[in-house]
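See structure below.
Residue numbers (the working numbering), protein chains in the order written: chain A, 1 to 249; chain B, 250 to 486.
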């Protein structure tokens, strides 16, 4: 199939960016979006041009490295699917596809489609530590966790930290990401002890770089891990609890 | 990791959490108020005398524990304080959200998030409506109020006649109806947002909250809208 790729080109964070159009011939419907970029880059290198920079790693939707905005939607047209699992069959033959980096004030463009998402790392840092004994593995039944609780914690732990929630949010909020982290750690007995200080620390770090949540819900539409909106209520619950309780636990 | 050195911004006096909590609590106060206000408005269907008696009762309610108009002034002051908090926090959060989003706005937004995205707009329309509504049917200041406006006295109220005279002006009647649609949109998302802001994580509670937000908003909207419509149709006169 034949596609016209309108791609955001930007040399550095300080430089001004612009769109450039490239024609991509001979890509199959079964190509992923990133494979299409690979193919384009091969041609660009062959003709002595600078290839398009973009992030990717595992290419099977579990690492959270990739992420481009496709026609205004983070990751692409298929909901809850990372860029590496978006296929060209979503686009009509001969159509024009606009590729931009993830857009947010907290995600400065490094180059072309690659952005700096280290703001999310600083939220994790703000959460502090968890008091888990790192020695011999404890007995499997040392901590009693019900199946439902374990499943719920794992659902929140599924967040791969890609940052699509931030890019999807008209407010540039990282509430879904932060909520997923807080809920995941709060639900399990081993990591529950620092619940209060974690809620305070993470929300403070989050507020420094990201926007406030208006419960618009666009984040859950793009999240490749399917984190539910409950995570945001969980974030507010944990923060409210820590304020009312006034303790680190 | 980025190599840029970040300077930590000074923490604002009112954090996002404080602002959101203030908006949620004051929003719930407003929602409860407009629901009760709507139920009171429905008394218009019981006739002029009943409606005016109710309006008069609101002024002398709980006498002698409260002075004349005591209940009204308690409500007015509580609502005014809530309005100040709600609007101030909304402005702060709106500003912060724009800064956080950066220069490239989110595009390709679908209809599903329409009520959420339009909250600042519907809020501003409601603010204008509240001012108009107070000038029209509370203080009776023209041109918001109709020429036939009569203020309440210590012994009686003319609420029914004032209401009908006001809504018989077609533009005003239509404006009231439209404002109630805007109110419905604002309350529908507002109640659901308040549930999230106040940390409602339970599965059952969330299911109830999402339905209740829509139902309460719809009931308030339809109950209020019916009045200008029936006045314009000539049923209420």
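Positions of the beta carbon are idealized from the N, C-alpha and C atoms, including for glycine.
Quick caveat, the model's predicted, so the values are computed rather than measured.
Residue i, buried or exposed, once every other Cβ within 10 Å from all chains shown has been counted against 16
i	result
residue 340 of chain B	exposed
residue 294 of chain B	exposed
residue 239 of chain A	buried
residue 345 of chain B	buried
residue 456 of chain B	exposed
residue 232 of chain A	buried
residue 123 of chain A	buried
residue 50 of chain A	exposed
residue 117 of chain A	buried
residue 113 of chain A	buried
residue 488 of chain B	Past the edges of chain B, shown from 250 to 486, lies residue 488 of chain B, and the structure says nothing about it.
residue 441 of chain B	buried
residue 95 of chain A	exposed
residue 486 of chain B	exposed
residue 228 of chain A	buried
residue 29 of chain A	exposed
residue 4 of chain A	exposed
residue 171 of chain A	buried
Residue of the options minimising C-alpha distance to residue i
i	options	result
residue 358 of chain B	A:186, A:194, A:168 and A:235	A:168
residue 144 of chain A	A:189, A:124 and A:177	A:189
residue 186 of chain A	A:38, A:156 and A:205	A:156
residue 425 of chain B	B:377, B:273, B:324 and B:346	B:377
residue 26 of chain A	A:44, A:2 and A:34	A:2
residue 418 of chain B	B:335, B:317 and B:480	B:480
residue 264 of chain B	A:209, A:226 and A:43	A:209
residue 10 of chain A	A:53, A:41, A:39 and A:42	A:53
residue 235 of chain A	A:218, A:249, A:206 and A:248	A:206
Residues bridged to residue i (per DSSP)
i	result
residue 101 of chain A	A:68
residue 299 of chain B	DSSP, once it has assigned bridges, lists no residue as partnering residue 299 of chain B.
residue 115 of chain A	A:109
residue 127 of chain A	None, per the DSSP bridge assignment.
residue 173 of chain A	A:211
residue 7 of chain A	A:20 and A:99
residue 78 of chain A	Note: residue 78 of chain A sits in no beta bridge, so no partner.
residue 87 of chain A	A:32
residue 73 of chain A	A:70
C-beta atoms of residue i and residue j nearer than 8 Å
i	j	result
residue 408 of chain B	residue 279 of chain B	no
residue 182 of chain A	residue 192 of chain A	no
residue 308 of chain B	residue 324 of chain B	no
residue 216 of chain A	residue 415 of chain B	no
residue 110 of chain A	residue 13 of chain A	yes
residue 432 of chain B	residue 470 of chain B	yes
residue 68 of chain A	residue 100 of chain A	yes
residue 128 of chain A	residue 201 of chain A	yes
residue 213 of chain A	residue 242 of chain A	no
residue 180 of chain A	residue 222 of chain A	no
residue 487 of chain B	residue 319 of chain B	Absent from the structure is residue 487 of chain B, since the part of chain B shown begins at 250 and ends at 486.
residue 33 of chain A	residue 70 of chain A	yes
residue 225 of chain A	residue 142 of chain A	no
residue 196 of chain A	residue 131 of chain A	no
residue 436 of chain B	residue 393 of chain B	no
heavy atom of the ligand ATP below 7 Å from residue i C-beta
i	result
residue 286 of chain B	What this structure holds is no ligand at all, so the ligand ATP is not there to describe.
Check whether the segment 75 to 91 of chain A touches the segment 139 to 153 of chain A, taking contact to mean three or more Cβ pairs, one atom from each stretch, closer than 8 Å. no
| said: I'd like to know if the segment 271 to 285 of chain B and the segment 364 to 373 of chain B are in contact, where contact means that at least 3 CB-CB pairs between them fall below 8 Å. | reply: no
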